[in-house]
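**Student:** For reference, the structure I am asking about is given below.
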Amino acid sequence: MKKSEKTKQLILDESWQLFVENGYKDTSTRQIATAAGVAVGTVFSHFPNKIDILKTAMHQRIDVVIEQASSADQHHSARLKLRHYAGYLFSFYLQHREFSQALLSDLLWHQAYFSEQIEMFKQRLFAEQAYDDTKATVMMDCYFMTLIQGLSDPTSCKESMLRVLTNKLTLLY
Numbered sequence: 002m003k004k005s006e007k008t009k010q011l012i013l014d015e016s017w018q019l020f021v022e023n024g025y026k027d028t029s030t031r032q033i034a035t036a037a038g039v040a041v042g043t044v045f046s047h048f049p050n051k052i053d054i055l056k057t058a059m060h061q062r063i064d065v066v067i068e069q070a071s072s073a074d075q076h077h078s079a080r081l082k083l084r085h086y087a088g089y090l091f092s093f094y095l096q097h098r099e100f101s102q103a104l105l106s107d108l109l110w111h112q113a114y115f116s117e118q119i120e121m122f123k124q125r126l127f128a129e130q131a132y133d134d135t136k137a138t139v140m141m142d143c144y145f146m147t148l149i150q151g152l153s154d155p156t157s158c159k160e161s162m163l164r165v166l167t168n169k170l171t172l173l174y
């Protein structure tokens, strides 16, 4: 790994720790720079702003969650696969509710950032059956709307979100 890549990863790791300890809103880029042992300008040479640090850090962690879910995935239909992965992802998002809300807020206006990850996920869901882009897109819409609703309700839990998603997906089949 190049020095620049190591510095970028260090900034991501330290920022994640600070976000977890202090919250996203209460963590400054100055604190991130100090924790990473770099100048504030160095942070901004790798990331244009704080939300991009969060997006990249979340992206890395979501990839890990998806890989964990993948190792336990024994489902063959896209609908059951989505429900399986959603269980892992909903748990992660609920555990990091504040970050998830900030991320989803930004995602609504900058969908291109996650478009590749979402496309790969849609392909993963249909790995064992013929790919149907319309169905995959509608399934992702159901997933994201359930996620948004769940994150906006402080009483929601993974199980209630999975029930809502299951009910929505049942209408597709």
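In my numbering, the protein residues as written are 2 to 174.
Every residue, glycine too, gets a C-beta built ideally from N, C-alpha and C.
Remember, predicted model here, so these are calculated numbers, not experimental data.
(1) Is the stretch 121-132 close to the stretch 41-55, with three or more CB pairs under 8 Å?
(2) Quick one: using the 10 Å Cβ neighbour count with 16 as the cut-off for buried, is C143 buried or exposed?
(3) Pull up the CB-CB distance for L83 and M140, whole angstroms please, since I reckon it's below 8 Å.
(4) Go ahead and pull the three-state DSSP assignment for F48.
(5) Count the other C-beta atoms from every protein chain shown that fall within 10 angstroms of the C-beta of K3, then say buried if there are 16 or more, exposed otherwise.
(6) At what residues does the alpha helix (DSSP H) containing A87 begin and finish?
(7) Expressed to the nearest angstrom, what Euclidean distance is found between the alpha-carbon atoms of S5 and Y25?
**Tutor:** Once the coordinates are examined:
(1) Of all C-beta pairs linking the stretch 121-132 to the stretch 41-55, fewer than three are shorter than 8 Å, placing the two stretches out of contact.
(2) buried
(3) 5 Å
(4) coil
(5) With fewer than 16 neighbouring CB atoms inside 10 Å of its own CB, K3 falls in the exposed class.
(6) A79 to Q96
(7) Straight through space, the alpha carbons of Y25 and S5 are spaced by roughly 24 Å.
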